[in-house]
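Enquirer: What the sequence shown shows, in the numbering used here, is residues -3 to 317, in sequence order. What follows is a structure written as structure tokens; I'll ask about it next.
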Amino acid sequence: MEQITIQTDFAKDTLEGLSSRAKYLSSKYFYDERGSKIFQDIMHMPEYYLTDCELEIFNTQKQGIYNEFARQQAHFELIELGAGDGLKTKILLSHFLNYKADFKYTPIDISEEAVKNLVTDLENEVPGLHVNGQIGDYFDLIDDFNFNGHIKKIILFLGSNIGNFNEQKSLDFFNQLRTVLNPQDQVFIGFDMKKDPDVIMKAYNDPHGHTAAFNLNLLRRINDELDADFETKNFKHQEVYDPQTGAAKSYLVSQIKQKVIIRNLNQTIWFKAGERIFTEMSQKYDLNMINDLATKSGFSIVRNFSDRRQYFVNSLWNLKS
Ligand SMILES: C[S@@+](CC[C@H](N)C(=O)[O-])C[C@H]1O[C@@H](n2cnc3c(N)ncnc32)[C@H](O)[C@@H]1O
């Protein structure tokens, strides 16, 4: 057999996921240029309540959020992991700047396009803001951060990014964060709450077809970047929600028995009819789950900010002393 060299993390992870017994692909690869654009369509559709809820929280409680951020130290740095287009964060940034707050903003995203667009947008929309955009995987970048002791850092992890992790991965993530944080630092995390399953299902399986297009775009990305021949019409987006555990899971289901050739990986992948590729976890929480996660990760909750329907919670955490 011809020997091939696996060049990128995307190639390595795709090979691992599609050769495993229960096939999977990592959701962090959704966000190529096309994926980032489709995600903006998702964020703007009425069924995707998550955006409206976090917008409502920031619009109505920005002063309360600022008071907590600036409580012990007026000078701070906001580091946002997976910032995307920063749509909601801009509300806080503008408010803080109008309030003459002394802070700088470091958005991090794996999507080069997202970071470049965000930095340009901020120059126009929030002039005077001190921005330091970083492109890369936050798991890699976080360890390199200059967490020098005297400037307070607040890590923003918004828009239910945390929901993409299962419990173990969340614990690993917070443990990694804890090792680089100083006692005065804080984390501010968006949690999507358990609610009427119909509301959740409509957000992840919408009538406009945006979530389906977003999920199927992963296959198109493999075609483009790894020279594969996925026929996207032979796969269907599927969403499953378990109200008990709060796990919403996205799959791509093979509609027929088929084979797919991935030339850059020198692989032929076989699919049975009905076989699924697991592509994304979107965990939903309740207040006890948030409290348990904070406690198990070595943090304590300072304050929860919620929207009027209690659909979403932005939770501010301190390191446990
Ligand atoms: C669901 S979007 C949320 C964007 C934004 N935080 C919001 O609330 O609207 C997730 C973002 O995280 C980025 N992302 C996902 N995994 C990442 C990783 N491991 N490292 C850096 N960025 C990542 C994606 O590119 C995308 O822009």
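All C-beta atoms, glycine included, are put in the ideal place defined by N, C-alpha and C.
So what's E64 in DSSP terms, helix, strand or just coil?
Expert: helix
Enquirer: Out of curiosity, what's the CA-to-CA distance linking I138 and L21?
Expert: 23 angstroms
Enquirer: Judging by CA-CA distance, which residue of E227, Q279 and Q240 is the nearest neighbour of V256?
Expert: E227
Enquirer: Can you tell me whether DSSP reads I252 as helix, strand or coil?
Expert: It is coil, neither helix nor strand.
Enquirer: Under the assumption that L315 contacts P203 (Cβ atoms under 8 angstroms), give the Cβ distance between them as a whole number of angstroms.
Expert: Wrong, their Cβ atoms sit about 44 angstroms apart, outside the cutoff.
Enquirer: Which same chain residues end up closer than 7 angstroms to S311 when comparing Cβ atoms and leaving out the 5 residues on each side of it in sequence?
Expert: If we look at S311 and ignore the five residues flanking it on each side, its Cβ neighbours are I185, F187, I286, I297 and N300.
Enquirer: Between the alpha carbons of A224 and L74, how many angstroms are there, rounded?
Expert: 40 angstroms
Enquirer: E109 by DSSP, collapsed to three states: which one?
Expert: In this structure, E109 counts as helix in the three-state DSSP scheme.
Enquirer: Pull the bridge partners of T264 from the DSSP assignment, please.
Expert: Per DSSP, I257.
Enquirer: Does G159 come out as helix, strand or coil in the three-state DSSP assignment?
Expert: helix
Enquirer: Tell whether a beta-carbon distance below 8 angstroms holds between R174 and G78.
Expert: no
Enquirer: Which of the three DSSP states, helix, strand or coil, is assigned to A79?
Expert: In the structure shown, A79 sits in coil (DSSP, three-state: anything other than H, G, I, E or B).
Enquirer: Okay, do the region 247 to 261 and the region 269 to 279 touch, 3+ Cβ pairs below 8 angstroms being the bar?
Expert: yes
Enquirer: Give the DSSP-derived three-state secondary structure of D98 in the structure shown.
Expert: strand
Enquirer: Touching or not, the region 232 to 245 and the region 273 to 283, by the rule of three or more beta carbon pairs under 8 angstroms?
Expert: yes
Enquirer: So the candidates are S23, D81, K86 and Q68; which of them puts its Cα closest to the Cα of E52?
Expert: K86
Enquirer: Whole angstroms are fine: how far does the CA of Q263 sit from the CA of N157?
Expert: Across the structure, N157 and Q263 are spaced so that their CA atoms are roughly 32 angstroms apart.
Enquirer: Suppose the cutoff is 7 angstroms on Cβ atoms and the five residues either side in sequence are ignored; what does the same chain contact list for I34 look like?
Expert: H206, A209, F210 and N213
Enquirer: Along the chain, where does the beta strand (DSSP E) that runs through I150 open and close?
Expert: Run containing I150: K148 to F153, per the beta strand (DSSP E) assignment.
Enquirer: Using only the alpha-carbon positions, how far apart do I196 and G159 sit?
Expert: 13 angstroms
Enquirer: Taking just the CA atoms, how far does G13 sit from I265?
Expert: 11 angstroms
Enquirer: Curious, which full-length beta strand (DSSP E) runs of at least 3 residues does the region 165 to 204 contain?
Expert: DSSP assignment within the region 165 to 204 yields the following whole beta strand (DSSP E) runs of 3 residues or more, N-terminal first: 182 to 188.
Enquirer: Using beta-carbon positions only, say whether F72 and K148 come within less than 8 angstroms of one another.
Expert: yes
Enquirer: Under a three-way DSSP split, which group does K24 fall into?
Expert: It is helical.
Enquirer: Is the beta carbon of K24 less than 8 angstroms from the beta carbon of I106?
Expert: Yes. Within cutoff.
Enquirer: Distance, Cα to Cα, A7 vs M189?
Expert: 34 angstroms
Enquirer: Take the Cβ of N201 as the centre, count every other Cβ of all protein chains shown within 10 Å, and call the residue buried at 16 or more, exposed below.
Expert: When all chains shown are included, N201 counts as buried.
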